[in-house]
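Trainee: Residue numbers (the numbering used here), protein chains in the order written: chain E, 1 to 963; chain W, 964 to 1121.
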Amino acid sequence: MPAVSKGDGMRGLAVFISDIRNCKSKEAEIKRINKELANIRSKFKGDKALDGYSKKKYVCKLLFIFLLGHDIDFGHMEAVNLLSSNRYTEKQIGYLFISVLVNSNSELIRLINNAIKNDLASRNPTFMGLALHCIANVGSREMAEAFAGEIPKILVAGDTMDSVKQSAALCLLRLYRTSPDLVPMGDWTSRVVHLLNDQHLGVVTAATSLITTLAQKNPEEFKTSVSLAVSRLSRIVTSASTDLQDYTYYFVPAPWLSVKLLRLLQCYPPPDPAVRGRLTECLETILNKAQEPPKSKKVQHSNAKNAVLFEAISLIIHHDSEPNLLVRACNQLGQFLQHRETNLRYLALESMCTLASSEFSHEAVKTHIETVINALKTERDVSVRQRAVDLLYAMCDRSNAQQIVAEMLNYLETADYSIREEIVLKVAILAEKYAVDYTWYVDTILNLIRIAGDYVSEEVWYRVIQIVINRDDVQGYAAKTVFEALQAPACHENLVKVGGYILGEFGNLIAGDPRSSPLIQFNLLHSKFHLCSVPTRALLLSTYIKFVNLFPEIKTTIQDVLRSDSQLKNADVELQQRAVEYLRLSTIASTDILATVLEEMPPFPERESSILAKLKKKKGPGTVTDLEEIKKERSSDMNGSAEPALNATVVTTPSPTEDLLGLGPAPVTNSPPPPPTSDILLVDVFANPAAAVAPLAPGSDDNFASPDLASSEVVSEEPADTVHDADELFHKFVCKNNGVLFENQLLQIGLKSEFRQNLGRMFIFYGNKTSTQFLNFTPTVICSDDLQSSLNLQTKPVDPTVDGGAQVQQVVNIECVSDFMEAPILNIQFRYGGTFQNLSVKLPITLNKFFQPTEMSSQDFFQRWKQLSNPKQEVQNIFKAKHPMDAEITKAKIIGFGSALLEEVDPNPANFVGAGIIHTKTTQIGCLLRLEPNLQAQMYRLTLRTSKEAVSQRLCELLSEQF
Amino acid sequence: MMRFMLLFSRQGKLRLQKWYLATADKDKKKMVRELMQVVLARKPKMCSFLEWRDLKVVYKRYASLYFCCAIEGQDNELITLELIHRYVELLDKYFGSVCELDIIFNFEKAYFILDEFVMGGEIQDTSKKSVLKAIEQADLLQEEDESPRSVLEEMGLA
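1. Would you report the Cα separation of Y437(E) and R398(E), rounded to the nearest angstrom?
2. Less than 7 Å between CB atoms is the rule here; does N343(E) satisfy it with respect to chain W?
3. Going straight from the alpha carbon of C1010(W) to that of V275(E), what length do you get?
4. Given this structure, state the Cα-to-Cα distance separating K632(E) from M994(W), to the nearest angstrom.
5. Using a beta-carbon distance below 7 Å, is A705(E) in contact with chain W?
6. Need the endpoints of the alpha helix (DSSP H) that Q867(E) sits in, please.
7. The alpha helix (DSSP H) spanning E90(E) covers which residue range?
8. Can you pull the DSSP bridge partners for E932(E)?
9. Taking D1088(W) as the reference, which of S167(E), N570(E), E822(E) and L729(E) has the closest Cα?
10. According to the neighbour-count rule (16 or more other Cβ atoms, all chains shown, within 10 Å of its Cβ), is E1085(W) buried or exposed?
11. Do P253(E) and I236(E) have their C-beta atoms within less than 7 Å of each other?
12. To the nearest angstrom, report how far apart Q335(E) and V382(E) are at their CA atoms.
13. Consider the Cβ of R174(E): report whether some Cβ of chain W lies at a distance smaller than 7 Å.
14. Can you say whether H194(E) is buried or exposed, counting buried as having 16 or more other CB atoms within 10 angstroms of its CB?
15. Going along chain W in order, which residues have a C-beta closer than 8 Å to the C-beta of E145(E)?
16. Distance, Cα to Cα, D1032(W) vs T890(E)?
17. Taking buried to mean at least 16 other C-beta atoms within 10 Å of its own C-beta, is L13(E) buried or exposed?
18. Determine the contact status of L120(E) and A136(E), defining contact as a CB-CB distance below 7 Å.
19. For the pair the stretch 28-44 of chain E and the stretch 63-81 of chain E, tell me if three or more CB-CB distances fall below 8 Å.
20. Just the C-alpha distance for D162(E) and L1053(W), rounded to the nearest angstrom, thanks.
21. Counting only runs that start and end within the stretch 979-1045 of chain W, where is the alpha helix (DSSP H) found for 4 or more residues in a row?
22. D1055(W) versus chain E: which residues are under 9 Å apart at the beta carbon?
23. With contact counted as at least three CB pairs below 8 Å, one residue from each stretch, are the stretch 846-858 of chain E and the stretch 948-957 of chain E in contact?
24. Any residues in the stretch 60-74 of chain E with a beta carbon nearer than 8 Å to a beta carbon of chain W? Which ones, in chain order?
25. Straight-line CA distance for A648(E) to R578(E)?
26. Exposed or buried, Q466(E), counting other C-beta atoms within 10 Å across all chains shown (16 or more means buried)?
27. Excluding the five sequence neighbours on either side, which residues of its own chain have a C-beta within less than 6 Å of the C-beta of S858(E), listed in chain order?
28. S641(E): buried (16+ other C-beta within 10 angstroms of its C-beta) or exposed?
29. Could you tell me the alpha carbon to alpha carbon distance between S789(E) and P871(E), rounded to whole angstroms?
30. Using CA atoms only, rank isn't needed, just tell me which of G804(E), V442(E) and G453(E) is closest to V474(E).
31. From the DSSP output, read off the bridge partner residues of D832(E).
32. Does the stretch 362-369 of chain E come into contact with the stretch 1058-1067 of chain W, if we say contact requires no fewer than three beta-carbon pairs (one atom in each stretch) closer than 8 Å?
33. Whose C-beta lies closer than 8 Å to the C-beta of A169(E) among residues of the same chain, with five residues either side of it excluded?
34. Drop a sphere of 10 angstroms on the beta-carbon of N768(E), count the other beta-carbons inside from all chains shown, and report buried for 16 or more, exposed for fewer.
35. Give the interface partners of Y1074(W) over in chain E, defined as CB-CB distance under 7 Å, in chain order.
36. Give the single residue among R1005(W), L1104(W), M965(W) and I1067(W) whose Cα lies nearest to the Cα of C60(E).
Written out as structure tokens, the structure reads:
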């Protein structure tokens, strides 16, 4: 037992700890602990009142037992009792126990809060400190409710001691993080900002943390902190190393505070010119200091110095506005890439990744490619190699893609298992994005499968198939290449899938060569059949039936295979069903029907890459998104025409194995996706030969669902209770407020509406176009259950009789409570002549009606844009233009949509950007949008970023329909 | 912000754990186990930083003890490394060449010192003097409190 250095006297505790340490086995330890627990329990229950000291000792023992990993279910009350002791040490142990072992027992929380309240009011700084620590440690909502109002007062009170101020600042920060709604901004905020000027550096440090977090959510409120932070930083970086006394750390003046100030500045765009000059000086000083000889050989000195340097570089990258500083930063990082300290190499690689996305420094980063490739080969630490992979990915562009992809493939052969999947995704994305020549792309993906087949996820191999199907110039090559790859005696199952699929579609393109004649192709595939899993075998069966169509000459061979017991009587239902149906199909269908059913796959709709989505998901928010964006922009600038085809990509990737049979009853319109096991029988097709037969597709409804079929014409002369989408008319109202919503031979419905913030009023005019009365005329506005909670609608009934040629009016008062997706339905019933009329239309009350436009500068826009970089906040849609692409009309539509149209914000004048705030009763949601037309391809890319995923989604849907 | 700090021995014994974000006990145990495994498997001279789940982990070994902090994506790795060092310095100054045993037997002191230094996952005061002054003041209060007791009483035998 070591001599306890200071002031302690709990010998009983030390003895107990010694005993535990001397236990030879886990059992002995548990026995000793149980003995102790029994002892403590009896002491606590005993009739003899325990003195404070004993209580403290036993509570401390319980804490020790808990920290060993055992459950503690008593002693809480004794700990709470200690809180109200007047003795510091007893109070302290009580608080420690509560901090570590708090549970949400409400009775106890009330008692604890009471004790805290007393200590906060005690004006004794040590007691106040303990209480604040306890609040920060527990940080529960109950605590926030009890103290969030009190702490700001302590923080800004003139007579509060410095140490208490520090604790109060961080305590408030903790509560703000858990319950921001309980910490309202107020008078205190401006006084907190001025703590940046405080004399006590400890206070400044704590306050800077608080301000940074608050400023992220309330930038307006705290924007005066920018100039204060810059001047504080300036004083620090120019101070001599002894000026700051104890806040100098190994000759580096106040490194923690410097880092925090630099971090705070990253919540804002570059400041006004006056302040900016001073900041630039600071940043230059920091960069200069990196070149000076070290003032100490200790690693602490260089670490602290470089911590400030890296944070400064982060700020430079964040501002992304001073080419000079960016290039200097890049050079500095370049030096670190070859530093002997592993830590610095790691951080340099990490930091360069973000630098690569700035257009000013992208080229400078690229000059380090050899060093980075070398790091990939020689670094001994996998986490450093991982960073090197990330950086190669970030610096990749058209000029170096071939080299980088080759190096990554090379590395993949020996890469750590933990990062293989990610490398596979990255290679797949780069190969696709920068493919000039699609044969290279196909080769690369097949190599991926060969080298790391187990790590090639479905997304990757679906993707190669989509691309081959969409590009006829590569189909022959792909068929030839997979055929050759399949020759290998042991090839990965993923290769069999790709091979099976591609040969099924395009095997005919190589069948002329006697070395790859139909029979040889079939035998090659079938030789792999028995080693494959069920889904792959199912896919191969589909390939076989496609062969029946492509190569009638081997039809009988295939039929024999299908007819064999191992197929027809297969234990797996799916396989058996396919065998039975395909066999039947091949026997009874005429050549024409076969050719139609088994026709080549139609091109896939072009959307965002599913692989990219997967990588984003894997890596979480952050680097990937930003990087992608800038890259997209850059590559479209460089090579606009190739872009649509490259970005052309599919999100929902139907599994070719599962849904090959997924032919719904024709005609297929909006039917739900077929069940995964494909119970729908092909026989249906033959039973109804007149029906339109769609080509056998991998089950994606996208191929069939045509917008014309989906939105049916609204003509309701007969009783009907279906809802008429009247999509065309409905969508027109997204960008305007007045007009005719619906019209048929009997009735015309007109609308006039106005909206302000989260409120609106809509006038509905019903016009009787006939000369006969409408009787029992009852219009009703219906909201689904979901909608009811977010949209408040109030209507008054109208007169049930509408004379011939007359018009009646109805008012709807609207209140938007929270964001919503659907539109309310307007149902109208009446009697005309002898018949009952019933029709429903969607009422165009859409989320964008509650937009308030917001004007902002380019800087602000991109600042906010970056802040909303979480993948969930962004929704993007790439779609074909449905109307002539006229810039003026587009502008009018964006304004009609409700957002401000921001001119001269986007570097590309052809693009449109907008900003606004959606007002609902409960929240306000800031929205940014960007629309990029591509005239050549007659397509648009629309990107929405808002703080709420559902809002981004909804606005994107609504606006996409407008162009 | 720092999410949590762990001190554990080379044998994988947890000596101190401090969580700055409410975490269920079950998850804590799982995270501790997982992270200890990752860190203990690393060789000397490897980089002090690693990506773990959605966090960045910064660790350093001092004699038989590993000090390990988990921070968020935007946080500064090097300054966290020095935060660890400053904490070690504080322990060292307080205990006088600190060793693992000091932290085992005076675990509550190790917690108190950490609390004075870091609060809510952010550094509270970087001055060694300020932190130690706070602790020493507390000790002073403690000494005033204590009344002498017999050894027997201490051992619970009285």
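Every residue, glycine too, gets a C-beta built ideally from N, C-alpha and C.
Mentor: In this structure, then:
1. For the purposes of this step, residue 437(E) is identified with residue 437 of the first sequence, where counting begins at 1. For the purposes of this step, residue 398(E) is identified with residue 398 of the first sequence, where counting begins at 1. Looking at the sequence provided, one finds Asp at residue 437(E) rather than Tyr. So the two alpha carbons sit approximately 12 Å from each other.
2. Walking along the first sequence from the start, residue 343(E) turns up at place 343. Yes, its Cβ sits closer than 7 Å to a Cβ of chain W.
3. Reading the second sequence from its first residue, position 47 is the one you call residue 1010(W). Reading the first sequence from its first residue, position 275 is the one you call residue 275(E). Roughly 38 Å between the two C-alpha positions.
4. The count along the first sequence starts at 1 and reaches residue 632(E) at position 632. The count along the second sequence starts at 1 and reaches residue 994(W) at position 31. A caution first: K632(E) carries a pLDDT of 41, below 50, which makes its placement in the model unreliable, though a value can still be read off. Approximately 38 Å between the Cα atoms of the pair.
5. The residue labelled residue 705(E) in the question sits at position 705 within the first sequence. Because the pLDDT of A705(E) is 34, which lies under 50, any placement of that residue in the model is unreliable, and the question is left without a value.
6. On the first sequence, position 867 is the one that residue 867(E) refers to. That run of the alpha helix (DSSP H) goes S858 to Q867.
7. Looking up residue 90(E) in the first sequence gives position 90. Per DSSP, E90(E) belongs to the alpha helix (DSSP H) from Y88 to L101.
8. Within the first sequence, residue 932(E) is the residue found at index 932, counting from 1. Beta-bridge pairing links E932(E) to R941(E).
9. For the purposes of this step, residue 1088(W) is taken as residue 125 along the second sequence, with counting starting at 1. Residue S167(E) is the option with its Cα nearest to D1088(W).
10. The residue given as residue 1085(W) occupies position 122 in the second sequence. That one is buried.
11. Residue 253(E) sits at position 253 when you count from the first residue of the first sequence. Residue 236(E) sits at position 236 when you count from the first residue of the first sequence. Cβ atoms of P253(E) and I236(E): closer than 7 Å.
12. Position 335 of the first sequence, counting from 1, holds the residue named residue 335(E). Position 382 of the first sequence, counting from 1, holds the residue named residue 382(E). So the two alpha carbons sit approximately 21 Å from each other.
13. As a first step, residue 174(E) must be located in the first sequence, where it is residue number 174. Output row for R174(E): interface = yes.
14. Residue numbering aside, residue 194(E) sits at position 194 when the first sequence is read from its first letter. Exposed.
15. Indexing the first sequence from 1 puts residue 145(E) at position 145. By Cβ distance, chain W contributes nothing, its closest Cβ being about 15 Å from E145(E), past 8 Å.
16. Counting from one through the second sequence, the residue named residue 1032(W) turns up at place 69. Counting from one through the first sequence, the residue named residue 890(E) turns up at place 890. The sequence shown places Cys at residue 1032(W), not Asp. Answer to the nearest angstrom: the Cα atoms are 52 Å apart.
17. Taking the first sequence and counting its residues from 1, one reaches residue 13(E) at position 13. With 16 or more Cβ atoms within 10 Å of its Cβ, L13(E) is classed as buried.
18. What you label residue 120(E) is simply residue 120 of the first sequence in a count that begins at 1. What you label residue 136(E) is simply residue 136 of the first sequence in a count that begins at 1. Contact: no.
19. yes
20. To locate residue 162(E), count along the first sequence from 1; it is residue 162. To locate residue 1053(W), count along the second sequence from 1; it is residue 90. Whole-angstrom Cα-Cα distance: 20 Å.
21. 988-1003
22. Walking along the second sequence from the start, residue 1055(W) turns up at place 92. Neighbours of D1055(W) on chain E: none; closest Cβ ~11 Å, over 9 Å.
23. yes
24. C60, L63, F64, L67 and G69
25. Along the first sequence, read from residue 1 onward, the residue named residue 648(E) stands at position 648. Along the first sequence, read from residue 1 onward, the residue named residue 578(E) stands at position 578. Caution is warranted here: a pLDDT of 32 is assigned to A648(E), below 50, making its placement in the model unreliable, and the coordinate value is therefore given only provisionally. So the two alpha carbons sit approximately 32 Å from each other.
26. Counting from one through the first sequence, the residue named residue 466(E) turns up at place 466. Q466(E) is buried by the Cβ-count criterion.
27. Taking the first sequence and counting its residues from 1, the one referred to as residue 858(E) is at position 858. These residues qualify, in order along the chain: V905.
28. Residue numbering aside, residue 641(E) sits at position 641 when the first sequence is read from its first letter. Low local confidence applies: a pLDDT of 33 at S641(E) is under 50, so the model's placement there is unreliable, and no value is given.
29. Position 789 of the first sequence, counted from the first residue, corresponds to residue 789(E). Position 871 of the first sequence, counted from the first residue, corresponds to residue 871(E). Looking at the two C-alpha atoms, the distance is approximately 27 Å.
30. As a working note, residue 474(E) is residue 474 in the first sequence. The residue with the shortest Cα to Cα distance from V474(E) is V442(E).
31. Here the question's residue 832(E) lines up with position 832 in the first sequence. In the sequence on display, residue 832(E) carries Tyr and not Asp. Y832(E) is bridged to F774(E) and T835(E).
32. no
33. Locating residue 169(E) in the first sequence gives position 169, where the first residue counts as 1. Contacts found: L155, V192, L195, V203, A206, A207, S209 and L210.
34. One-based indexing of the first sequence puts residue 768(E) at position 768. Buried, because 16 or more other Cβ atoms sit within 10 Å of the Cβ of N768(E).
35. On the second sequence, residue 1074(W) is found 111 positions in, with the first residue counted as 1. Residues of chain E passing the Cβ test: L96.
36. Locating residue 60(E) in the first sequence gives position 60, counting from the first residue. For the residues R1005(W), L1104(W), M965(W) and I1067(W), the minimum Cα distance to C60(E) belongs to I1067(W).
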